[in-house]
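Colleague: What follows is a structure written as structure tokens; I'll ask about it next.
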Amino acid sequence: YVRRVWDHELGVQTLTPIRPLTDRLRVWQNLTGKTIEMFVGDVTDYDFLSSAFKSFEPEAIVHFAEQRSAPYSMIDRKHAVFTQVNNVVGTLNVLFAIRELLPDCHLVKLGTMGEYGTPNIDIEEGYITVEHNGRRDTVPFPKQPGSFYHLSKVHDSHNIMFTCKIWGIRATDLNQGVVYGTMTDECALDEALINRFDYDDVFGTVLNRFCVQAAIGQPLTVYGKGGQTRGFLDIRDTVRCIELACNHPAARGECRVYNQFTEQFSIMDLARLVEGAAKKMGFPVEVDHIPDPRVEAEQHYYNAKHSKLIDLGLKPHYLSDSLLDSLMNIAIRYRDRVDASLMLPQVNWREPKNERRLQMSMPAKSSGMETRAEARAKKA
Numbered sequence: 001y002v003r004r005v006w007d008h009e010l011g012v013q014t015l016t017p018i019r020p021l022t023d024r025l026r027v028w029q030n031l032t033g034k035t036i037e038m039f040v041g042d043v044t045d046y047d048f049l050s051s052a053f054k055s056f057e058p059e060a061i062v063h064f065a066e067q068r069s070a071p072y073s074m075i076d077r078k079h080a081v082f083t084q085v086n087n088v089v090g091t092l093n094v095l096f097a098i099r100e101l102l103p104d105c106h107l108v109k110l111g112t113m114g115e116y117g118t119p120n121i122d123i124e125e126g127y128i129t130v131e132h133n134g135r136r137d138t139v140p141f142p143k144q145p146g147s148f149y150h151l152s153k154v155h156d157s158h159n160i161m162f163t164c165k166i167w168g169i170r171a172t173d174l175n176q177g178v179v180y181g182t183m184t185d186e187c188a189l190d191e192a193l194i195n196r197f198d199y200d201d202v203f204g205t206v207l208n209r210f211c212v213q214a215a216i217g218q219p220l221t222v223y224g225k226g227g228q229t230r231g232f233l234d235i236r237d238t239v240r241c242i243e244l245a246c247n248h249p250a251a252r253g254e255c256r257v258y259n260q261f262t263e264q265f266s267i268m269d270l271a272r273l274v275e276g277a278a279k280k281m282g283f284p285v286e287v288d289h290i291p292d293p294r295v296e297a298e299q300h301y302y303n304a305k306h307s308k309l310i311d312l313g314l315k316p317h318y319l320s321d322s323l324l325d326s327l328m329n330i331a332i333r334y335r336d337r338v339d340a341s342l343m344l345p346q347v348n349w350r351e352p353k354n355e356r357r358l359q360m361s362m363p364a365k366s367s368g369m370e371t372r373a374e375a376r377a378k379k380a
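Take the sequence shown: its position 97, counted from the start at 1, is 97 in full-length UniProt numbering, and no numbers get skipped.
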């Protein structure tokens, strides 16, 4: 629910029409016969959270309830404070609830590869063994976060590691890369279950933005030199990684860290891929370099290890030509919902206060659509 509030605050909407959550749950039940119980509340409200935990005593908790945008956290003081309070306090509440109510429960927490930054050495999965002055130890890998959002994730990781040590909590910290795609096998059952496709300058991802820009004839906007390199993964692999982590829980007192991505791309790599895919579909594309609003290395070494989830059984879906075509087709299908003014960055890392326009360009089209499941239900 709060994610949609942020859309209205910023004057943006996801490219794909998203139905209300109650509708999505109803459609899922109609399709599968399975019921997902919904609790409406705030994870920073401990009374609400502990009450929810008591009601069904989970074996594992998958914690994604955080503000996830680096640009959002950099808008101004208010947004930085909100991001850190929401994320850090929410995670602390989850940890305390586990300790007090469900001490054997396994926490699967969404982290981010952005915790590591872009060091000039290989990035290990959570820990690194070092030798210094004749001594040897395995320690947490150094963190160099690049925004107040990424800092909140580092604080989470430290709090999780600490409570594993003192309380014996089981935890898996999934340091995830950038996710692309809108469909899993389950979501493909009905259009009402489609996932978000964010392309704006605050919550959008670079690959989504490039696909939308290509679909509407805008140049692809590359920040700076375009050598910024990150880990990426398909949304189907995201879901599979969570399943693998849950099915292979950490031991009591163990804080595992998995780097959750399948491929590395630079911004220019992605621009060239989208340019090629768009041209094959008859969309001529230009690439523009604009000043980087972030304070980051625009060209750098990047080699992150990511073997642990593969070892558990992950079979990656790589960014193939056919998958790029599917992303382009989504952008083309819904391009009448695009607000072209939302492509250029309006949040500058160097400024303590950024002003954004607050105007909803067009209403969401998520209500009033009859889904295949609902049509079948009516006929029945």
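Heads up, the beta-carbon is just placed ideally off N, CA and C, and yes, glycines get one too.
Values in this document were obtained by computation on a predicted structure and should not be read as measured data.
What does the Cβ neighbour count give for Y116, buried or exposed, with the cut at 16 atoms within 10 Å?
Modeller: Counting Cβ neighbours within 10 Å, Y116 comes out buried, since at least 16 surround it.
Colleague: Could you give the residue range of the beta strand (DSSP E) that holds Y127?
Modeller: Where Y127 is concerned, the enclosing beta strand (DSSP E) stretches over 127–132.
Colleague: Quick check on the burial criterion: 16 or more other C-beta atoms within 10 angstroms. Buried or exposed for N93?
Modeller: Buried, since its Cβ has 16 or more Cβ neighbours within 10 Å.
Colleague: Residues bridged to N175 by DSSP?
Modeller: N175 pairs with G111, N259.
Colleague: Check whether the Cβ atoms of M113 and G204 lie closer than 8 angstroms to each other.
Modeller: Taking 8 angstroms as the Cβ cut-off, M113 and G204 do not qualify as a contacting pair.
Colleague: Within 8 angstroms, do at least three Cβ pairs link the stretch 295–315 to the stretch 240–247?
Modeller: Enough Cβ pairs lie closer than 8 angstroms, so yes.
Colleague: Considering D234, what are the terminal residues of the alpha helix (DSSP H) in which it resides?
Modeller: From DSSP, D234 is part of no alpha helix (DSSP H) but of the beta strand (DSSP E) over 229–234.
Colleague: Considering just the uninterrupted stretch of the alpha helix (DSSP H) at H150, what are its terminal residues?
Modeller: 148–167 is the span of the alpha helix (DSSP H), which, as asked, contains H150.
Colleague: On the DSSP letters alone, give me the boundaries of the beta strand (DSSP E) that P119 sits inside.
Modeller: First-last for P119: undefined, no H or E at that position.
Colleague: Report the partner residues of D137 according to the DSSP bridge assignment.
Modeller: Its beta-bridge partners are V130.
Colleague: Report yes if the CB atom of W349 is closer than 8 angstroms to the CB atom of R272, and no otherwise.
Modeller: Their beta carbons are not under 8 angstroms apart, which means W349 does not touch R272 by this criterion.
Colleague: Within the continuous alpha helix (DSSP H) that includes V5, where are the two ends?
Modeller: First-last of the alpha helix (DSSP H) with V5: 2–10.
Colleague: Are the CB atoms of G313 and L233 within a distance shorter than 8 angstroms?
Modeller: No.
Colleague: Take the Cβ of R135 as the centre, count every other Cβ of all protein chains shown within 10 Å, and call the residue buried at 16 or more, exposed below.
Modeller: Per the 10 Å Cβ criterion, exposed.
Colleague: For V202 and H289, which I take to be in contact (beta-carbon distance under 8 angstroms), what is that distance rounded to the nearest angstrom?
Modeller: Not really, about 21 angstroms apart at Cβ, beyond 8 angstroms.
Colleague: Taking the straight line between their C-alpha atoms, what separation do you get for Q359 and V40?
Modeller: Only weak support is given to the placement of Q359: the predicted model assigns it a pLDDT of 43, under 50, and the question is left unresolved by the model.
Colleague: So what does A278 bridge to, in DSSP terms?
Modeller: A278 is not bridged to any residue.
Colleague: In this structure, how does DSSP classify Q359 when only helix, strand and coil are distinguished?
Modeller: At Q359, the pLDDT of 43 sits below 50, so the modelled position is not reliable and the matter cannot be decided from this model.
Colleague: CB-CB under 7 angstroms to V338, same chain, minus the five flanking residues each way: which ones, in chain order?
Modeller: These residues qualify, in order along the chain: L15, V212, I216.
Colleague: Taking the runs of the alpha helix (DSSP H) that are 4 residues or longer, which of them lie wholly in the stretch 193–221?
Modeller: Those alpha helix (DSSP H) runs which fall completely within the stretch 193–221 and span 4+ residues are 206–216.
Colleague: Quick check: the stretch 49–58 against the stretch 26–41, are at least 3 beta-carbon pairs closer than 8 angstroms?
Modeller: Cβ pair count under 8 angstroms is three or more, so yes.
Colleague: Look up D321 in the DSSP assignment and say whether it is helix, strand or coil.
Modeller: It is helical.
Colleague: Buried or exposed for I36, going by 16 or more other Cβ atoms inside 10 Å?
Modeller: Per the 10 Å Cβ criterion, exposed.
Colleague: By the DSSP assignment, the alpha helix (DSSP H) with V94 in it spans what residues?
Modeller: It spans 90–101 - the alpha helix (DSSP H) in which V94 sits, taken as one unbroken run.
Colleague: Does DSSP put I61 in a helix, a strand or coil?
Modeller: Correct three-state label for I61: strand.
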